[in-house]
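Working notes, structure below.
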Amino acid sequence: MAQRSQEGQFGIRTQAAKGTYDDPGALDSGVFYDILGGSLTPQREFIVADPEIGGTRDTTAAALTTVVSQGDVESYGYLNALATLLGGCLGDSSTSDDTNHYTHTITQLDSGELPWLSIEEGVGQDFETFNHTDARVNTMNLSAEPNGYLMMTAGLAAITTTAGNTRTDLTMSPGSTNLDASPLIVGPEIVITYDSASVCAKSFSLDINNNMELDDFCMGDIEVDTFTPKQREVTSGLSIRPDTSALWREAVFGAAGATAAVSGGVDINDLVITMTSTSLVQRGDNLAPYKVVVTIPSAFVEPFEVSPSGDDVIETDFVIRALRPSAGTDLITVAIDTGQDAVR
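The sequence shown runs contiguously to residue 1359 in the numbering used here.
Given below as structure tokens:
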């Protein structure tokens, strides 16, 4: 019988330590959420023998060598899963009890190792159930349009993958305690401000990239030794229909009021993305909404072009890049309000 992709499942959990798989299906321990596509596909390298003088015209030998599991997993922006994934990508997370909801605060880790994740990936109805140990979040992308849902894509990689595992039953406890039932956020619920002024964005994206080395192989082992994060990049892409040239002048000339290009530093401002669901966290008497607030204290607009065309309304895409001029100020902070009592 053919296998249907829709019958698979995907669960994640922050590991206590490298090298030990922590079951995402254990009671109140992980997060299972629906995905649209993608997989941590084990990518196996193989080699074949080169043609040899004195040999035949046919390939005479082949061997399997190193393996690493990696891939991009796309889904709607389920908030409990988002907290775990952002915690893995940025590294530092904490939770406060705010009576009618829990607030998960996530920011960059300045010292120590980024968290490792355990991932259960069920493919099809019973095609295969993979357990991925020592996984890391290399990249995170959030995006939305006015008439669409908040989307997220996690770029994941895992050191160890095993097959033939028992799949968590999500129809009953304990597995059912880990289902992410947070509401989906839509474009009209997302407000963006730059330099404390509202931005009428036609679309937005937020990208976090750890630029990890994913091929750190050692002699004597088929698996990667570790995933090493390098330069951390945080950018936001916006599409707008500008009514003045002020932002273009800021990006290209160096200041909103400049009339010619000047040398020197960029104009630094704050970027805040606020996502407030109309759905309420069902906890306590005074119900509060599910909410995500992304704060980038220091950012600048990269130079961009404006290209008029025919009778089209002028519309342009540009990128805002996060900076961290002072180590005492966070590069980025994400606050997520949900009914889940911890970042799992």
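Heads up, the beta-carbon is just placed ideally off N, CA and C, and yes, glycines get one too.
Buried or exposed: where does residue i fall if 16 or more other Cβ atoms within 10 Å of its Cβ makes it buried?
| i | result |
| --- | --- |
| residue 1326 | exposed |
| residue 1333 | buried |
| residue 1167 | buried |
| residue 1142 | exposed |
| residue 1100 | buried |
| residue 1245 | exposed |
| residue 1220 | buried |
| residue 1306 | buried |
| residue 1351 | buried |
| residue 1108 | buried |
| residue 1152 | buried |
| residue 1239 | buried |
| residue 1028 | buried |
| residue 1266 | buried |
| residue 1066 | exposed |
| residue 1342 | exposed |
| residue 1149 | buried |
| residue 1284 | buried |
| residue 1079 | exposed |
| residue 1096 | buried |
| residue 1275 | exposed |
| residue 1383 | Given that the chain is displayed from residue 1016 to residue 1359, the structure contains no residue 1383 and the question cannot be resolved. |
| residue 1196 | exposed |
| residue 1237 | exposed |
| residue 1186 | exposed |
| residue 1072 | exposed |
Quick check on residue i: does DSSP put it in helix, strand or coil?
| i | result |
| --- | --- |
| residue 1053 | coil |
| residue 1202 | helix |
| residue 1261 | helix |
| residue 1180 | coil |
| residue 1042 | coil |
| residue 1224 | strand |
| residue 1162 | coil |
| residue 1071 | coil |
| residue 1196 | coil |
| residue 1137 | strand |
| residue 1402 | With the chain covering 1016 to 1359 only, the question about residue 1402 has no answer from this structure. |
| residue 1191 | helix |
| residue 1275 | coil |
| residue 1281 | coil |
| residue 1270 | coil |
| residue 1026 | strand |
| residue 1254 | strand |
| residue 1213 | strand |
| residue 1185 | coil |
| residue 1064 | coil |
| residue 1077 | strand |
| residue 1356 | coil |
| residue 1142 | coil |
What residues are listed by DSSP as bridge partners for residue i?
| i | result |
| --- | --- |
| residue 1033 | According to DSSP, which records beta bridges pairwise, residue 1033 is partnered with nothing at all. |
| residue 1246 | In DSSP, residue 1246 forms no bridge with anything. |
| residue 1150 | 1132, 1173 |
| residue 1084 | 1057, 1173 |
| residue 1167 | 1090, 1157 |
| residue 1232 | 1239 |
| residue 1047 | 1026, 1194 |
Do residue j and residue i count as a contact pair if the criterion is CB distance below 7 Å?
| i | j | result |
| --- | --- | --- |
| residue 1051 | residue 1090 | yes |
| residue 1160 | residue 1026 | no |
| residue 1171 | residue 1055 | yes |
| residue 1077 | residue 1063 | yes |
| residue 1281 | residue 1232 | no |
| residue 1043 | residue 1192 | yes |
| residue 1201 | residue 1207 | no |
| residue 1126 | residue 1037 | no |
| residue 1199 | residue 1164 | yes |
| residue 1298 | residue 1156 | no |
| residue 1212 | residue 1253 | no |
Closer than 7 Å, CB to CB, is residue i near chain D or not?
| i | result |
| --- | --- |
| residue 1027 | Judged by its chain identifiers, the structure shown contains no chain D, having just a single protein chain. |
Is there at least one non-hydrogen atom of the ligand MN closer than 6 Å to the beta-carbon of residue i?
| i | result |
| --- | --- |
| residue 1351 | Ligands are entirely absent from the displayed structure, and the ligand MN is therefore not among its contents. |
For a minimum of 4 consecutive residues, which ranges assigned as the alpha helix (DSSP H) are wholly contained in the segment 1287 to 1346?
none
With a floor of 3 residues, list each beta strand (DSSP E) that falls wholly inside the segment 1088 to 1135, ordered by position along the chain.
1106 to 1112, 1117 to 1123
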